[in-house]
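Chains as they are written, first to last, in the working numbering: chain A, 7 to 159; chain B, 7 to 159; chain C, 22 to 104; chain D, 22 to 104.
Quick notes on the structure that follows.
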Amino acid sequence: MATIRVQREDFDAAAESTALARGRMDVGAVVSFVGYCRDEGGRLATLELEYYPGMAEAEMARVAREAESRWRLIGVTAIHRFGKIAPGEQIVCVVVAAAHRGEAFAAAEMMMDFLKTRAPFWKRAIRADGAAEGWVEAKGEDDSAAARWDAAG
Amino acid sequence: MATIRVQREDFDAAAESTALARGRMDVGAVVSFVGYCRDEGGRLATLELEYYPGMAEAEMARVAREAESRWRLIGVTAIHRFGKIAPGEQIVCVVVAAAHRGEAFAAAEMMMDFLKTRAPFWKRAIRADGAAEGWVEAKGEDDSAAARWDAAG
Amino acid sequence: MKAVYFAWVRERVGKAEEELEPPSTVTTVGDLIAWLAARGDGYAHAFEKPSTIRAALDKVHARHEAALAGAAEVAFFPPMTGG
Amino acid sequence: MKAVYFAWVRERVGKAEEELEPPSTVTTVGDLIAWLAARGDGYAHAFEKPSTIRAALDKVHARHEAALAGAAEVAFFPPMTGG
Numbered sequence: 007m008a009t010i011r012v013q014r015e016d017f018d019a020a021a022e023s024t025a026l027a028r029g030r031m032d033v034g035a036v037v038s039f040v041g042y043c044r045d046e047g048g049r050l051a052t053l054e055l056e057y058y059p060g061m062a063e064a065e066m067a068r069v070a071r072e073a074e075s076r077w078r079l080i081g082v083t084a085i086h087r088f089g090k091i092a093p094g095e096q097i098v099c100v101v102v103a104a105a106h107r108g109e110a111f112a113a114a115e116m117m118m119d120f121l122k123t124r125a126p127f128w129k130r131a132i133r134a135d136g137a138a139e140g141w142v143e144a145k146g147e148d149d150s151a152a153a154r155w156d157a158a159g
Numbered sequence: 007m008a009t010i011r012v013q014r015e016d017f018d019a020a021a022e023s024t025a026l027a028r029g030r031m032d033v034g035a036v037v038s039f040v041g042y043c044r045d046e047g048g049r050l051a052t053l054e055l056e057y058y059p060g061m062a063e064a065e066m067a068r069v070a071r072e073a074e075s076r077w078r079l080i081g082v083t084a085i086h087r088f089g090k091i092a093p094g095e096q097i098v099c100v101v102v103a104a105a106h107r108g109e110a111f112a113a114a115e116m117m118m119d120f121l122k123t124r125a126p127f128w129k130r131a132i133r134a135d136g137a138a139e140g141w142v143e144a145k146g147e148d149d150s151a152a153a154r155w156d157a158a159g
Numbered sequence: 022m023k024a025v026y027f028a029w030v031r032e033r034v035g036k037a038e039e040e041l042e043p044p045s046t047v048t049t050v051g052d053l054i055a056w057l058a059a060r061g062d063g064y065a066h067a068f069e070k071p072s073t074i075r076a077a078l079d080k081v082h083a084r085h086e087a088a089l090a091g092a093a094e095v096a097f098f099p100p101m102t103g104g
Numbered sequence: 022m023k024a025v026y027f028a029w030v031r032e033r034v035g036k037a038e039e040e041l042e043p044p045s046t047v048t049t050v051g052d053l054i055a056w057l058a059a060r061g062d063g064y065a066h067a068f069e070k071p072s073t074i075r076a077a078l079d080k081v082h083a084r085h086e087a088a089l090a091g092a093a094e095v096a097f098f099p100p101m102t103g104g
């Protein structure tokens, strides 16, 4: 049963990771991914993340279930923040525990690729130089990254 | 410049992960892998890890350099323990920071695949049922996992 | 049915949500987009390129060909940029 | 040259390291394995299946065909099982 959270406040990725392994003797591998807000070479002042309440959590849970159906996983956690996020801050984390490393790596990477293209979040960039803020455009490479799991599946 | 450590004592994977991202505005992704000692369904009492001092550190550094030569990485850390390790304890961690998640995932996974097959560590299993202890045998699937990076590279 | 809008779709439409009562000839998500686009300036701007609009029915992604089929909530938004 | 042994190679040989002075006809890692295997029971057991033995010269992995070529330290061990 995956842990899914959408929240404004920061999260403790290490605590999430430890929680999946603690006291378990069958976990051989924990892969954690943390996505950070970059400052784009100084051009970005802040990101503002909007999301679709209800659907975001549901979609993240669907992505987790898809990972759980493809690989033998012991634990899955996905957390995504919304609201204002400054460069250097954490945006998202995915943690996967499994008996074997290959499954943990694959599941964590697939979940991130799917969260990027399926979870209803939208970033608005507020520029450091005062230039007009704007919605971040979706990247074709994210679609390609997500599509390879369909091909592999 | 990678951080490489071989040590008897436990490590704090979260601190290693945070250290790579802290204060940096160009890190977009941190992937952490932690390998744990499993109890093999209750059959394993303890692992004892032997290693080749000097070569283990050198080989881990070579693996890190190979990852750094393949992908644009911002930081790499690899830590491997030796000595007695009980089920549920951490054995190894690899942490990779990069601007983009694809590179961080690929580098962390390649490093683990290579550490498994190249870093001079050997596990001896001490059985819970008092059965003769024995050296853990290398797995063909680890060779296959490592070999795919040669094909891809 | 309730319609909800996000990101620049919301900004262009000028509201976050509203009740819609489309005619019975509007049976798919795509029909609804075309019907909304004809409602006035903000809508015309929001839905000027239907191919860039993603939709969800009752909080599940839906293609433009999908039938509205009694959905209680329809959502329109740009491609996702989370993560 | 100094030889070092690890894991079951060390256990079978009965020591962790020693000084070796092979004859000049021993020029490769493989030659050295064959020469060691003929040294007595423990060595014969350790090196009975040369294909399972991995080697390093001066702390760098080396194939059996590799020339010893003045290496100061040679290591023999089973396939690695770390990680």
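Glycine included, every Cβ here is placed at the ideal spot set by N, Cα and C.
When Cβ-Cβ separations below 8 angstroms define contact, Asp45(A) makes contact with chain B. Counting the other CB atoms within 10 Å of its CB gives Met7(B) a total below 16, which places it among the exposed residues.
Restricting attention to Gly81(A), Asp16(A), Asp32(A), the CA atom closest to the CA of Ser38(A) is found in Gly81(A). In the displayed model, Val33(B) falls within coil according to three-state DSSP, outside both helix and strand. Ser150(A) carries a helical assignment under DSSP once its states are collapsed to helix, strand and coil.
Counting along the chain, Glu74(A) sits inside the alpha helix (DSSP H) bounded by residues 61-76. Chain-ordered, the chain C residues with CB closer than 9 angstroms to the CB of Val142(A) read Thr102. Taken through DSSP and simplified to helix, strand or coil, Lys129(A) comes out as strand. Counting the other Cβ atoms within 10 Å of the Cβ of Asp119(B) gives 16 or more, which makes it buried. Interface annotation, Glu115(B): in contact with chain A, CB-CB separation under 8 angstroms. With a contact defined as Cβ atoms closer than 8 angstroms, Val95(D) and Met22(D) qualify at about 6 angstroms. Remark: C-beta atoms of Gly41(A) and Gly34(B) approach each other more closely than 8 angstroms. When the five nearest sequence neighbours on each side are left out, the beta carbons in the same chain lying within less than 8 angstroms of the beta carbon of Ala105(B) are those of Asp32, Val33, Gly34, Ala35, Arg78, Ile80, in order along the chain. Taking a beta-carbon distance threshold of 8 angstroms, His85(C) does not count as an interface residue toward chain A.
Distance from the CA of Gly47(B) to the CA of Glu109(A), rounded to the nearest whole angstrom, comes to 19 angstroms. Contact with chain A is found for Pro99(C), since one of that chain's Cβ atoms lies less than 8 angstroms from the residue's Cβ. Beta bridge pairing from DSSP links Arg11(B) with Ile85(B).
Where Leu41(D) is concerned, there is no enclosing alpha helix (DSSP H), because DSSP gives it neither an H nor an E. According to DSSP, Thr73(C) shares a beta bridge with no other residue.
Residues of chain A whose Cβ lies closer than 7 angstroms to the Cβ of Gly60(B) do not exist, since the nearest Cβ in that chain is about 26 angstroms away. Listed by position along chain C, the residues whose Cβ is nearer than 8 angstroms to that of Ala125(A) are Met101, Gly103, Gly104. Under DSSP, Trp141(A) forms a beta bridge with Arg130(A).
Residues of chain B with a Cβ closer than 8 angstroms to the Cβ of His82(D) are, in chain order, Glu65, Arg124.
Rounded to the nearest angstrom, the gap between the Cα atoms of Arg11(A) and Trp29(D) is 49 angstroms. Considering only beta carbons, the part of the segment 84-107 of chain A lying closer than 7 angstroms to chain B consists of Pro93, Gly94, Ala105, Arg107, in chain order. Between the segment 126-136 of chain B and the segment 124-144 of chain A there are fewer than three inter-stretch CB-CB distances shorter than 8 angstroms, so the stretches are not counted as touching. For a Cβ distance threshold of 9 angstroms, nothing in chain A lies close to Ala55(C): the least Cβ distance comes to about 23 angstroms. Note: Cys99(A) is bridge-paired with Val40(A), Ile85(A) in the DSSP secondary-structure output. As the crow flies, the alpha-carbon of Glu56(B) is around 43 angstroms from that of Ser150(A). Taking 8 angstroms as the cut-off, the beta carbon of Arg124(A) is found closer than this to the beta carbon of Met101(C). Around the beta-carbon of Ala59(D), fewer than 16 other beta-carbon atoms lie within 10 Å, marking it exposed. Gly91(C) is the residue among His66(C), Gly35(C), Gly91(C), Phe98(C) whose C-alpha sits nearest the C-alpha of Glu42(C). With at least 16 other beta carbons inside 10 angstroms of its own, Glu63(A) counts as buried. Nearest in C-alpha terms to Glu143(B), of all of Leu78(D), Ile74(D), Ala88(D), Ala93(D), is Ile74(D). Here Val101(A) is near Leu26(A), since their CB atoms are less than 8 angstroms apart. Ala28(C) belongs to the set of residues whose beta carbon lies under 8 angstroms from a beta carbon in chain A.
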